[in-house]
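Worksheet: the structure to be examined is printed underneath.
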Amino acid sequence: MDVIKILPKNIANQIAAGEVIQRPASVVKELVENSIDANCSFIQVYIKNSGKSLISVIDDGIGMSKNDLGIAFQRHSTSKITSSKDLFKIKTKGFRGEALSSISAISEIETHSKNEKDKLGNMILIKENKIVEKNVSSIDRGTSIAVKKIFYNVPARRNFLKSDNVELKKIIDEFQRLCLSHPEIKFKFYHNKTELFDLPSSKIKDRIVAVFGKKIKEFLVPVKEKTTVANIEGYIVKPNFAKKTRGQQFLFVNNRFIKSSFLHHSIVSAYEGLLSDRFHPGYFISLNIDPSKIDVNIHPTKTEVKFEDEQSIYAILKSSIKHSLGVFQIMPSIDFNKNINMDPPYSYKEKQPDFPIIELDSKFNPFVKSETSNIKSFIDIVDQNSLHSKLFSFDSNFKKLDLDNIEFPRVFQLFLKYLVCPLKSSLLIINQTRAHQRILYERFLGAITSNKIDSQNLVFPIYLDISPIQLKFFQDQDEILKSLGFNIVFKKKQLIISGAPEEYSQNQIKNIIENFLDINNLDEDIKSLSQADYVAKSLSKSMSIKTGAVLKIEEQKNLLDDLFACKETLLCPFNRKIFITFDQKDIQKKID
Ligand code: ADP
Ligand code: MG
Numbered sequence: 002m003d004v005i006k007i008l009p010k011n012i013a014n015q016i017a018a019g020e021v022i023q024r025p026a027s028v029v030k031e032l033v034e035n036s037i038d039a040n041c042s043f044i045q046v047y048i049k050n051s052g053k054s055l056i057s058v059i060d061d062g063i064g065m066s067k068n069d070l071g072i073a074f075q076r077h078s079t080s081k082i083t084s085s086k087d088l089f090k091i092k093t094k095g096f097r098g099e100a101l102s103s104i105s106a107i108s109e110i111e112t113h114s115k116n117e118k119d120k121l122g123n124m125i126l127i128k129e130n131k132i133v134e135k136n137v138s139s140i141d142r143g144t145s146i147a148v149k150k151i152f153y154n155v156p157a158r159r160n161f162l163k164s165d166n167v168e169l170k171k172i173i174d175e176f177q178r179l180c181l182s183h184p185e186i187k188f189k190f191y192h193n194k195t196e197l198f199d200l201p202s203s204k205i206k207d208r209i210v211a212v213f214g215k216k217i218k219e220f221l222v223p224v225k226e227k228t229t230v231a232n233i234e235g236y237i238v239k240p241n242f243a244k245k246t247r248g249q250q251f252l253f254v255n256n257r258f259i260k261s262s263f264l265h266h267s268i269v270s271a272y273e274g275l276l277s278d279r280f281h282p283g284y285f286i287s288l289n290i291d292p293s294k295i296d297v298n299i300h301p302t303k304t305e306v307k308f309e310d311e312q313s314i315y316a317i318l319k320s321s322i323k324h325s326l327g328v329f330q331i332m333p334s335i336d337f338n339k340n341i342n343m344d345p346p347y348s349y350k351e352k353q354p355d356f357p358i359i360e361l362d363s364k365f366n367p368f369v370k371s372e373t374s375n376i377k378s379f380i381d382i383v384d385q386n387s388l389h390s391k392l393f394s395f396d397s398n399f400k401k402l403d404l405d406n407i408e409f410p411r412v413f414q415l416f417l418k419y420l421v422c423p424l425k426s427s428l429l430i431i432n433q434t435r436a437h438q439r440i441l442y443e444r445f446l447g448a449i450t451s452n453k454i455d456s457q458n459l460v461f462p463i464y465l466d467i468s469p470i471q472l473k474f475f476q477d478q479d480e481i482l483k484s485l486g487f488n489i490v491f492k493k494k495q496l497i498i499s500g501a502p503e504e505y506s507q508n509q510i511k512n513i514i515e516n517f518l519d520i521n522n523l524d525e526d527i528k529s530l531s532q533a534d535y536v537a538k539s540l541s542k543s544m545s546i547k548t549g550a551v552l553k554i555e556e557q558k559n560l561l562d563d564l565f566a567c568k569e570t571l572l573c574p575f576n577r578k579i580f581i582t583f584d585q586k587d588i589q590k591k592i593d
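For the sequence shown, this note's numbering assigns the number 2 to the initial residue and increments by one for each residue that follows.
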């Protein structure tokens, strides 16, 4: 019996759509790329509910004739190549004729378009992969496409979409890549009627500043190199503006954003010795290469490119970036200790670092209960009822805890990352960052519901320049920040912070809010049920003490106390283990 059949067109299209259109951000990418290919000078993007309700892209490009509009949504319909030879000289973003057919296979799509020659424009409406309306349109020039009900027929994809903020972030990521690859095109971007980007036609440097804010300007260093293999042009960001995320790394090949871990490595290696471990340099690098020397047809979303001469490009790229770093004398002027991003944003920071081991009190007698100490430490109270139930779940030995027999030192820091606490019959090893995240998270969540956090008025209000997109994030969380003791108003493109929770310094507060509003930090791990939970999680992340922070002995004890006063003590807000225990048996297994 024969079993092979040709798939019906709508199923084939849906499968193809799965490769090209993975989320709302992919639709934005494909539509904007089509507008760029249509030689336009102005592109407007309208998004509603992170693309789940609407994605609309309007351009003033060459437009389509009535007939072209009729076939543009069929699979493999393209005006960009005609023969296989054309594949070796691709200058357009698209060429496979897949995007529009893929989008119409998984959504409702209404298109209006007019080309220069026609007197009247035309429209076409596609629902359930069928043309349901064709008509004339009053559109002036160019093309306007509106995509609704994305993934209405692909529940698996729809259900796998992330929270609205994360999907919006992905859309913005795509948008940034596109508007940085074509600074000569004017762009506007709206989300739920709020204008998030208004980018006039400009040179690349001004485009970078328009997208990322004024602050980046003084950190940009030009890169320029002409060779027979490739022309390199663009900007790198000085190491002292490096970030903990990779949000500002852009590599373009013939005006197409691409991902290449090989060339990325070449760029980063030029910074060797200039950056500390967890920091990523920013770069905006454009390579111009003869199209016949590259292949962009190796990946469904065309974000990967094969180079004929990758080794040479690697070498040229590295040396030209090194050269720029040298010419602008970056090496001697950096003071890594001054990098505010590396400071632990916590009151611990202000105190003199000092190693707990040295703090041992020589007069201390473990057999005499301390009367002078006013610090009620975790150990001091560990036999009290409230803590027991929390500890029993993992170590029944706590029940028999005998204070007088606890080993010393009672708590110390290890690798500036863990707190180690020997108990009578087990050893507790606590991750300091996660413990603190748990403490802050519960404190914030409690405060959001009861307004319990004390606020201090700042002597000098803090002014922060913010972008429209940051304003949106701020406005979403305005009320919650207030309940956490932050007093912030928005005026003339600036946030003015006049009040903040006690115990944080001016600098720390500025850092915390900057971090909070940096959409590049928006975390995909934070799957939250509510805005309050989201804010509590993300602030607990940015405000927690980090690995590398030296903690005084009192601070270590406080951390333990506070942790074991939490409702949940085993896991941090991001569901990671806070501590582990070794009992005698575990240790004996390793050494008897
Ligand atoms: P591709 O971009 O690979 O050619 P698409 O499915 O994205 O395939 O688009 C199909 C065709 O529709 C394009 O080749 C182009 O001729 C036309 N088209 C799509 N969008 C636009 C637009 N905004 N302006 C003018 N023509 C467009
Ligand atoms: Mg296309």
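Glycine residues also receive a C-beta, built at the ideal position from the N, C-alpha and C atoms.
query, result
"Nearest-angstrom beta carbon gap, I454 and P423 [assumed within contact, 8 Å]", "About 35 Å separates the two Cβ atoms, so there is no contact after all."
"Same chain, Cβ closer than 8 Å to Y419, five either side skipped, listed in chain order", "I430, I431, N432 and Q433"
"CA-to-CA distance, R76 to E226, given in whole angstroms", "41 Å"
"Integer-rounded CB distance, given that S42 should sit under 8 Å from I186", "6 Å"
"Alpha carbon of L446 to alpha carbon of K90, nearest angstrom", "57 Å"
"Option in E309, N298, I237 and I259 with minimal Cα separation from G283", "I237"
"Alpha helix (DSSP H) segments (min. 4 residues) lying fully within the region 462-549", "469-484, 507-518 and 532-544"
"Contact test: N35 Cβ vs the ligand MG heavy atom, cutoff 8 Å", "yes"
"Distance CB(V222)-CB(L326) smaller than 9 Å", "yes"
"Helix, strand or coil at P301 according to DSSP, with G and I counted as helix", "coil"
"Own chain residues within Cβ distance below 7 Å of S394, not counting five before or after", "For S394, the predicted structure reports a pLDDT of 37, less than 50, and the residue's modelled location is therefore unreliable. A value from the coordinates is still provided. Contacts found: none."
"DSSP-derived helix/strand/coil call for N289", "strand"
"Residue-level contact to chain D via CB, N432, 9 Å cutoff", "Note that chain D does not occur in the displayed structure, where there is just one protein chain."
"Test item: CB-CB of A271 and S320 under 9 Å", "yes"
"Q495 versus D174 - alpha carbon distance", "23 Å"
"Check whether V212 and L252 have beta carbons under 9 Å apart", "no"
"Given 8 Å, three or more beta-carbon pairs between the region 120-131 and the region 26-43", "no"
"S320 - DSSP class collapsed to helix/strand/coil", "helix"
"The region 568-586 in contact with the region 453-471 per 3-pair CB rule at 8 Å", "no"
"Supposed contact pair L552 and L560 - C-beta distance, whole angstroms, cut 8 Å", "7 Å"
"Ranges of the alpha helix (DSSP H) found wholly within the region 67-112, counting only runs of at least 4", "67-72 and 100-106"
"Rounded straight-line distance, which links the Cα of F74 to that of K118", "22 Å"
"The region 151-163 in contact with the region 7-24 per 3-pair CB rule at 8 Å", "yes"
"Beta-bridge partners of I431, as assigned by DSSP", "L420 and F580"
"beta-carbon K94 near the ligand FAD non-hydrogen atom, thresh 8 Å", "The ligand FAD is absent from the structure shown, which contains only the ligand ADP and the ligand MG."
"Pair within 9 Å by beta-carbon distance, A100 and L32", "yes"
"Cβ-Cβ distance between G122 and N35 below 9 Å", "no"
"Same chain, Cβ closer than 7 Å to Q177, five either side skipped, listed in chain order", "V212"
"Check: I22 C-beta below 8 Å from any heavy atom of the ligand ADP", "no"
"Unbroken alpha helix (DSSP H) run spanning L561, endpoints", "I554 to F565"
"Terminal residues of the beta strand (DSSP E) in which N232 lies", "N232 to V238"
"Alpha carbon of N516 to alpha carbon of P240, nearest angstrom", "18 Å"
"T228, buried or exposed, once every other Cβ within 10 Å from all chains shown has been counted against 16", "exposed"
"Proximity of I233 and F285 at Cβ, strictly below 9 Å", "no"
"Three-way DSSP call (helix, strand, coil) for A39 in this model", "coil"
"Extent of the continuous beta strand (DSSP E) to which N11 belongs", "N11 -> not in any beta strand (DSSP E); alpha helix (DSSP H) instead, spanning K10 to V21."
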